[in-house]
Amino acid sequence: MSLRERTAVDDVLEARARYVARGVSTPRLVVTRAEGAHVEAADGIVYLDFAGGIACQNTGHGFAPVVAAIHKQVDRFLHQCFMVGTYEPYVEVCRRLAEHSPCLSSAAAGAEQKSILVNSGAEAIENAVKIARAATGRPAVVVFENGFHGRTLLTMAMTSKVRPYKAGFGPFPGEIYRAAAPYPYRGVDTDAAIASLEHLFRSDVDAESVACLVLETVQGEGGFIVMPPDYLPRLAELCARYGILFVADEVQSGVGRTGPMWAIEHYDGVEPDLLVSGKSLGGGLPLAAVTGRAEVMDAPGPGGLGGTFGGNPVACAAAAVVLATVAEPEFRARADELGVTLRARLDDLATREERIGEVRGLGPMLALELREQSPDLAQAVTAAAFERGLLLLACGLYGNVLRLLPPLNVSDEELDRGLGLLEESLAAAH
Ligand SMILES: Cc1ncc(COP(=O)(O)O)c(C=O)c1O
188 MSLRERTAVD DVLEARARYV ARGVSTPRLV VTRAEGAHVE AADGIVYLDF
238 AGGIACQNTG HGFAPVVAAI HKQVDRFLHQ CFMVGTYEPY VEVCRRLAEH
288 SPCLSSAAAG AEQKSILVNS GAEAIENAVK IARAATGRPA VVVFENGFHG
338 RTLLTMAMTS KVRPYKAGFG PFPGEIYRAA APYPYRGVDT DAAIASLEHL
388 FRSDVDAESV ACLVLETVQG EGGFIVMPPD YLPRLAELCA RYGILFVADE
438 VQSGVGRTGP MWAIEHYDGV EPDLLVSGKS LGGGLPLAAV TGRAEVMDAP
488 GPGGLGGTFG GNPVACAAAA VVLATVAEPE FRARADELGV TLRARLDDLA
538 TREERIGEVR GLGPMLALEL REQSPDLAQA VTAAAFERGL LLLACGLYGN
588 VLRLLPPLNV SDEELDRGLG LLEESLAAAH
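Per my numbering, the sequence shown runs over residues 188 to 617.
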């Protein structure tokens with residue numbers, strides 16, 4: 188029997204086991220406070236947070252301007268339902284999403300942009316599919332290997348990982364087709380991925396019955412797999428040829444995570460028809476969006492889109508500040524600097540640690556793929572990191588990728604400490 192004293196953590200975890208469904212899995216972390224890049228647990232331990240509640244804290248926990256905007260809105264009203272009464276914070280977030288839309292840069296310059304706001308990334312993806320179907324009058328949806336789009340039934344069907352996400356939850360909705368996505372480290376290059384899509388159009392689904400193709404610019408849960416620069420233009424060309432709408436899922440890669448507001452801005456001349464955002468958009472509150480050209484977004488008729496809580500005023504007040512902050516040149520400069528520093532440190536670590544197969548990512552959205560296609564080592568590293576006070580997440584089809592999601596305004600000292608702990612954890616894990 189353990190002689191360790193019982194703590195508040197044990198009390199909460201015991202009640203959690205008693206009252207909360209086990210399908211929602213949690214580690215041995217009971218949070219009582221969070222600020223900036225830190226999370227404090229019920230036993231008083233302060234963790235350095237490189238998980239960000241899964242990519243939701245690009246501006247850090249409790250970012251002061253966001254908290255101030257939330258307080259102000261809380262004193263006005265908490266809920267209204269946009270279908271019952273219009274309110275300014277919702278419109279303001281849509282205005283800012285239009286202003287920062289990646290669809291405004293070249294060909295579509297000046298095109299009017301509209302958005303719908305919802306509660307979660309999965310709900311936003313579902314709405315993007317509804318909008319694409321309404322706009323094209325076509326049923327089919329093409330998705331990609333290593334993609335993750337959410338946990339609702341439609342988005343689960345779109346997601347490319349069986350355990351733990353899909354097993355036992357079928358049957359899934361139909362008209363979802365999957366092609367290979369580029370994954371150069373594991374041998375799938377642009378040519379092979381394009382060939383897989385062309386094969387899909389020959390073997391499984393008529394390209395002219397496809398409403399949209401949904402792709403993460405950087406595949407998040409799939410292992411921070413960056414779409415190669417020559418892939419997206421070829422994909423966009425195929426979409427244009429067959430009249431397919433291109434939906435960029437930027438739920439994880441957006442809102443500054445790779446430096447610019449959207450990861451797709453790294454790809455000159457590639458513009459999605461619809462862009463899906465979420466996670467960090469609400470600065471810690473639940474908010475997600477679909478943004479696109481007015482003629483596409485307005486395809487569904489009045490009443491066809493919406494939901495009771497979508498675009499909650501408090502979440503919108505937070506999001507307006509998040510978008511303004513991430514758009515500031517200084518914020519971007521710091522994110523770019525972070526990307527350079529992180530990449531150099533991880534490359535250096537990879538030269539000393541032969542179990543690291545690849546350092547990859549875009550800007551400051553970086554990860555380490557371990558050579559072995561098994562979750563064991565990555566799990567041992569995240570456990571060792573936890574013991575040392577660092578919150579770290581694994582991802583990838585095989586669970587063998589360690590992803591780094593510190594706030595983009597993390598200090599040099601915090602970054603240095605976190606990377607030191609990561610290295611120690613790798614050394615300690617076997
Ligand atoms: C790329 C991507 N799309 C969609 C989702 C689903 O978002 P949510 O969990 O808010 O439903 C996620 C969540 O991890 C994601 O990473």
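Backbone N, C-alpha and C fix where the C-beta goes; we use that ideal spot for every residue, glycine too.
task: Go through its chain and collect everything with a Cβ distance to L200's Cβ below 8 Å, but skip five positions before and after it.
output: R215, V217
* Asked: Run through DSSP, which three-state label would M414 get?
  -> coil
**Request:** Using DSSP bridges, identify the partner residues of K406.
**Result:** The question names Lys, but residue 406 is Gln in the sequence shown. DSSP, once it has assigned bridges, lists I412 as partnering Q406.
query: Short check: CB of Y418 to CB of A380, under 8 Å?
result: yes
*asked:* Mapping the DSSP letters down to three states, classify C268 as helix, strand or coil.
replied: coil
Excluding sequence positions up to five away, which residues of its chain have a Cβ less than 6 Å from the Cβ of I543?
A537, L555
Quiz prompt | Three-pair Cβ contact test at 8 Å for the stretch 485–504 versus the stretch 258–266 | solution = yes
- request: Give me the Cα-Cα distance between G605 and S598, rounded to the nearest whole angstrom.
  value: 11 Å
- [ ] Name, in chain order, the residues that DSSP records as bridge partners for L578.
- [x] D236
| said: Measuring only from the beta carbon, is F356 closer than 7 Å to any heavy atom that is part of ligand 1? | reply: no
>> Whole angstroms are fine: how far does the CA of A238 sit from the CA of A366?
In response: 29 Å
| Measuring from the CB of Q439, is there a heavy atom of ligand 3 at a distance below 7 Å? | Within the structure as shown, ligand 3 is missing, the only ligands being ligand 1.
For the 8 Å Cβ check, are there 3 or more pairs between the stretch 439–450 and the stretch 361–375? no
Discussion item. Given this structure, state the Cα-to-Cα distance separating G272 from S302, to the nearest angstrom.
Written reply: 17 Å
Checklist entry - Could you check where the alpha helix (DSSP H) with G550 kicks off and where it finishes? => result Segment: none, G550 is in no alpha helix (DSSP H) and carries neither H nor E.
What number of angstroms, rounded off, separates the C-alpha of V501 from the C-alpha of N245? 18 Å
Margin query: ligand 1 and F335: does the residue's C-beta get closer than 7 Å to at least one heavy atom of that ligand?
Written below: yes
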